[in-house]
Amino acid sequence: MQVLQVQLEIRPDPAEVGRARRWVRSRLAGSGVSDDEPLAETLILLVSELVTNAVVHTGRPAVLRLTFKGVCAAQTGAQGVAGGTVRLEVVDLSACPPAPRHAERDETNGRGLELVDGLADRWGWSPEGVGKRIWCELDRCPAPAPCGGGNAVAAPGVAAAVVSAAAAAGTAAATTVTASAYGGMAAYEAV
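Numbering (the UniProt record's numbering), first residue to last: 1 to 191.
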């Protein structure tokens with residue numbers, strides 16, 4: 001399994017949020033994750049939230065890190081898309097722990113960590129030097145090969161089931177991927 005880690009230094013300036021999003025998009029493209037994949041869209045939203053939190057709440061420099069575990073199947077000559085995990089980390093110089101809260105309907109702030117909790121497959125934080133590291137992970141679900149790799153059944157708003165030949169034969173459990181497998185934009189658009 002290939003592992004690639006890249007990082008970007010963030011200045012304490014709100015304009016850095018847009019630069020971080022552009023930087024992540026370029027790194028996704030280079031890692032074999034297409035721009036229109038749900039994982040890419042969700043990751044960009046998570047980058048916006050975590051970098052904004054670091055810039056706004058600390059007023060200090062930060063470091064954005066991306067770690068890609070797994071490879072694109074196209075890079076190995078296989079068909080379909082390989083599974084894997086993308087880990088996003090933002091390390092800042094504030095020792096104050098993150099404070100998740102539930103924003104009221106008319107509030108314009110306070111939803112960042114709530115979105116992270118709802119969209120990421122896993123997230124957390126830990127002390128890092130004099131500051132902290134906030135991280136989240138998104139799993140990239142494998143896609144079936146176009147021919148002979150399984151059958152995909154999907155209905156709008158309903159879970160899509162990917163059934164392998166082994167599962168159909170009763171030798172293995174089928175994998176179920178919900179419509180919002182990566183947290184999905186549906187969850188974001190409904191907010």
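All residues carry an ideal CB built from backbone N, CA and C; glycine is no exception.
Asked, Found
"Skipping 5 residues on each side, what residues in its chain have a beta carbon closer than 7 Å to that of residue 16?", "10, 51 and 55"
"Do residue 129 and the ligand ATP come close, with the Cβ less than 7 Å from some heavy atom?", "Inclusion of the ligand ATP in the displayed structure is not the case, the ligand content being empty and no account of it being possible."
"With DSSP collapsed to three states, give me the class of residue 38.", "helix"
"Count the C-beta pairs between the stretch 97-115 and the stretch 27-39 that are closer than 8 Å, then say yes if the count reaches three, no if not.", "no"
"Let me know the secondary structure DSSP gives residue 104 once reduced to three states.", "coil"
"Please go through the same chain and pick out, in chain order, the residues whose beta-carbon is closer than 6 Å to the beta-carbon of residue 133, but skip the five residues on each side of it.", "89, 91 and 126"
"What is the DSSP secondary structure of residue 119, reduced to helix, strand or coil?", "helix"
"Between residue 63 and residue 5, how many whole angstroms is the CB-CB distance? I'm expecting something under 8 Å.", "Incorrect: roughly 11 Å between the Cβ atoms, too far for contact."
"To the nearest angstrom, how far is it from the Cα of residue 120 to the Cα of residue 137?", "6 Å"
"Which residue wins for smallest C-alpha separation from residue 60, given the options 31, 96, 29 and 45?", "96"
"Does DSSP put residue 54 in a helix, in a strand, or in coil?", "helix"
"Whole-angstrom Cβ separation of residue 94 and residue 129, contact assumed at under 8 Å?", "Actually they do not touch by this definition, with Cβ atoms about 11 Å apart."
"From 114, 13 and 113, pick the residue whose C-alpha is nearest to that of residue 58; which is it?", "13"
"Could you pull the start and end residues of the beta strand (DSSP E) that residue 33 belongs to?", "First-last for residue 33: undefined, no H or E at that position."
"Can you tell which of 106, 140 and 22 has its C-alpha closest to the C-alpha of residue 47?", "22"
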